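Below is one structure; the comments refer to it alone.
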Amino acid sequence: MSAYVLQQLINGLVLGSMYALVAVGFSMIYSIVRLINFAHGDVAMIGAFSTFLVFAAAGLPLWVIVPATLAVGAAVAAVIEFLVFRPQRQAPQVNGFITSLGVSILIQNVGILLLSAQPRSVRLPGLLRTNHDFFGARVTTLDILIVAATLISLLVLTLFVKRTRLGIAMRATSENVSAAQLMGIPVNRVITAAFAVGGSLAGLAGLMWGGRYGQIDPLMGFVPGLKAFVAAVIGGVGSLAGAALGGYLLGMAEIMIVGMLPSEYGSYRDAFVFGLLILVLLVMPNGLLGKPAEERA
Amino acid sequence: MTGGTGMMDRLRHSPATLGIGLLLIGAALIAGAETWLTPFERTVIGFAGINIILAVSLTFSNGLTGLFSLGHPAFMMLGGYTAAILTFPAMRKSTMLPGLPEFIATSELSLLPATLAGGVVAAVAALIAGFPVLRLRGHYLAVATLGLIVIVQVLINNMDSITRGAIGLAGLPRLSNLWWIYGWVAVTLFVTWQLKHASLGRALMSIRENELASASIGVRRARLKLFAFVLGAFFAGVAGALWAHLVTNLTPNSFGIVTAFMIVVMVVLGGSGSLIGAALAAIALSVISEVARPIERAIDAYGLVQIVTATLLIAVLLFRPQGLFGSGEPVTRRMTTPGKPPSKTSHEHRGGFPNETS
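These protein sequence lines map, in sequence, to chains A and B.
Numbering-wise (my numbering), the first sequence opens with residue 19 and increments by one.
Numbering-wise (my numbering), the second sequence opens with residue 1010 and increments by one.
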């Protein structure tokens, strides 16, 4: 395998990790409240801004910055849930979806108003930007950390959902909200917690995104958020493993389009991503690892 | 078409005098506007008209049929580019757009045929895209149609020799005026109103309320959905053509997700399936954005229009989820379903579409 191919595989792995983090949060929220949350990507943007504009500027050390960003993501997502999604839980399903689009546009424009649409360049400490030689490919410490942190997060999340009381309550709620309520599960708190967990993952992804590409702007979250949704659908919405798998597949596919095909196809990347979405939905409406459909009257 | 006879009945018994009267009043208002208003005011009214066409045509699929599509900007782009290329001065075509086939490069159409061509191209695209995409429901349909926007944008961006890519087409002839725009508003309202109040409209609403039940009484869902989608796309293409010739400047980024959002807000504010509601919301939002834009510039607060729109949307959804007029029309409460929130017994609205995992 040539070093070039290896380099592309590594890039795909890193991009896929970031998609996977956002997609898992997306999928978690969807499986519990059946809401496609357009604002999820914007939570990642807020995470990125608080990391680089507040925490890094305040000179906090890295071991404080990461948990602080996780907390910001969780808090933002939980507040959004409480303020706009909870009052609408009985409303028609598309209402929540349109609302989330509204929240997303609101956050982006408040961001532009307060921070200007101009991208800001951000810099990570030199330690993270060190290059390593990996069989001829170039890998930074940050790349390794991104992949490792994603895998650890996914592992912790899986244990959390399978083993803890709160995680079990989440799975019960996603099966059937009213039955869960009848069993004494505090459904409202469980839903807020799911948003918080998803939000913290999004915040982490925002931190990684900003660090990796070196710049942040108020609109940075929307398109990756949308692509993370595509990833979640490819993997099977509702399945956390599926969302992670979809994220990695999409990241790989995107890098391969840009890196392997002649350069004139590179600019077709986004058309390819959404074409893939439509195709997957038609051939496998439940995605790769989704549960089979169930017709209800 | 299920609605054949019912529609003809309504056409025969529709109060033609009322219609003609409305057209005459409209014509008088336009004549007045063309004489006394400033160009800026006329442009605002023009935008309002184009937004009415967009919102009313989207109501047909999104509100009445419950097909939640975000794809209108994709069809606007197709219509706008088609019409713009057709009306572009033939002299400049050969140098600026070298990729055009001979018969288009040498011809130069006037607005009406170009607009119709734009609508037809958009409708054909909707027909092709609709076959696969309309098999999806709810959220999935929404995101797939969002994908249509991205796909059309990417294609236009990459077909430099026909569309000038990201630079866009500038210096289009300013052919749209209030007469053309309001002529199309009248056509859009007439067609959608007649169809809504025919049995076709009832069939569409039955798909929205409960697909399984609607199928079991013999409604041909696939065909009707495709019809609603294609009809909406035709008018979106027309609106795109009128827009291009009002602004005289067209880039792929003119129509994106924010445009989709603005049109959807109009439909939601008006009420799901209320044509008059959508039209009123379109007027209100057009005026708000055009009035707020100078304020935006003056206090250097870009994004204000969208902040106001998004807040308004969220507030309406929180406090009046069925929109201003629900599914009814403010003038003809009797003829339509009352404007109450969708019934709780319908699974479509409570969560969990039949084809989704639970």
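Cβ atoms here follow ideal geometry from the backbone N, Cα and C, with glycine treated the same way.
Remember, predicted model here, so these are calculated numbers, not experimental data.
- The closest CA to that of histidine 1254 (chain B), considering only B:Ser1298, B:Ile1034, B:Val1314, B:Leu1184, is found on B:Leu1184.
- Closer than 9 Å to the CB of proline 1330 (chain B) there is at least one CB belonging to chain A.
- Taking a C-beta distance under 9 Å as the contact criterion, valine 1273 (chain B) and asparagine 1060 (chain B) do not qualify as a contact pair.
- Taken in chain order, the whole beta strand (DSSP E) runs of length 3 or more contained in the segment 1245-1293 of chain B number zero.
- Threonine 1074 (chain B) places its beta carbon less than 9 Å from that of leucine 1233 (chain B).
- For glutamine 108 (chain A), the three-state secondary structure derived from DSSP is coil.
- Rounded to whole angstroms, alanine 1290 (chain B) and alanine 1057 (chain B) show a C-alpha spacing of 10 Å.
- If you draw a straight line from the Cα of valine 1247 (chain B) to the Cα of alanine 1093 (chain B), it is about 11 Å long.
- Scanning chain B for C-beta atoms nearer than 7 Å to the C-beta of glycine 120 (chain A) yields Ala1319, Leu1322, Ile1323, reported in chain order.
- Separation of arginine 107 (chain A) and glycine 114 (chain A) (C-alpha to C-alpha, rounded to the nearest whole angstrom) is 8 Å.
- Closest by C-alpha distance to alanine 92 (chain A), out of A:Gly59, A:Leu173, A:Thr182, is A:Gly59.
- The beta carbons of glutamate 1117 (chain B) and threonine 1096 (chain B) sit closer together than 9 Å.
- Linking glycine 232 (chain A) to proline 110 (chain A) through their CA atoms gives a straight-line distance of about 41 Å.
- Residues of the segment 1144-1158 of chain B with a Cβ closer than 8 Å to any Cβ of chain A, in chain order: Arg1144, Leu1145, Gly1147, His1148, Tyr1149, Ala1151, Val1152, Ala1153, Leu1155, Gly1156, Leu1157.
- Straight through space, the alpha carbons of valine 1163 (chain B) and aspartate 288 (chain A) are spaced by roughly 7 Å.
- For the pair methionine 63 (chain A) and aspartate 151 (chain A), the Cα-to-Cα distance works out to about 31 Å.
- Residue-level contact check: tyrosine 1090 (chain B) does not touch chain A, since none of the beta carbons of chain A fall below 9 Å from its beta carbon.
- Segment contact: the segment 190-206 of chain A against the segment 126-140 of chain A, fewer than three CB-CB distances shorter than 8 Å; contact not assigned.
- For valine 140 (chain A), no beta strand (DSSP E) segment is defined, and its DSSP state is neither H nor E.
- Of the candidates B:Gly1227, B:Ala1138, B:Pro1110, B:Ala1138 places its Cα closest to the Cα of alanine 1242 (chain B).
- In the three-state scheme derived from DSSP, where H, G and I count as helix and E and B as strand, aspartate 1309 (chain B) is classed as coil.
- DSSP places threonine 1197 (chain B) within a helical segment (H, G or I) once states are collapsed to three.
- Nearest C-alpha to leucine 1121 (chain B) among B:Ile1304, B:Ile1285, B:Asn1258, B:Gly1249: B:Gly1249.
- For valine 102 (chain A), the C-beta contacts it makes with chain B under 9 Å involve Ile1323, Leu1326, Leu1327, in order along the chain.
- Inter-residue distance for alanine 223 (chain A) and alanine 167 (chain A) is about 10 Å (C-alpha atoms, whole angstroms).
- Remark: fewer than three beta-carbon pairs, one from each stretch, lie closer than 8 Å, so the segment 1106-1114 of chain B and the segment 1200-1208 of chain B are not flagged as touching.
- Under the 8 Å Cβ criterion, the segment 34-45 of chain A counts as touching the segment 244-259 of chain A, having at least three qualifying pairs.
- Closer than 9 Å to the CB of leucine 299 (chain A) there is at least one CB belonging to chain B.
- Glycine 1332 (chain B) places its beta carbon less than 9 Å from that of valine 1277 (chain B).
- Across the structure, alanine 1126 (chain B) and proline 1048 (chain B) are spaced so that their CA atoms are roughly 28 Å apart.
- Following the DSSP letters along the chain, one finds asparagine 29 (chain A) inside the alpha helix (DSSP H) bounded by residues 21-51.
- Within chain B, the residues placing a beta-carbon under 7 Å from that of phenylalanine 292 (chain A) are Gly1156, Val1159, Ile1160, ordered along the chain.
- Within chain A, the C-beta atoms nearer than 7 Å to that of asparagine 1167 (chain B) come from Ser285, Tyr286, in chain order.
- According to the DSSP assignment, valine 97 (chain A) belongs to the alpha helix (DSSP H) that extends over 80-98.
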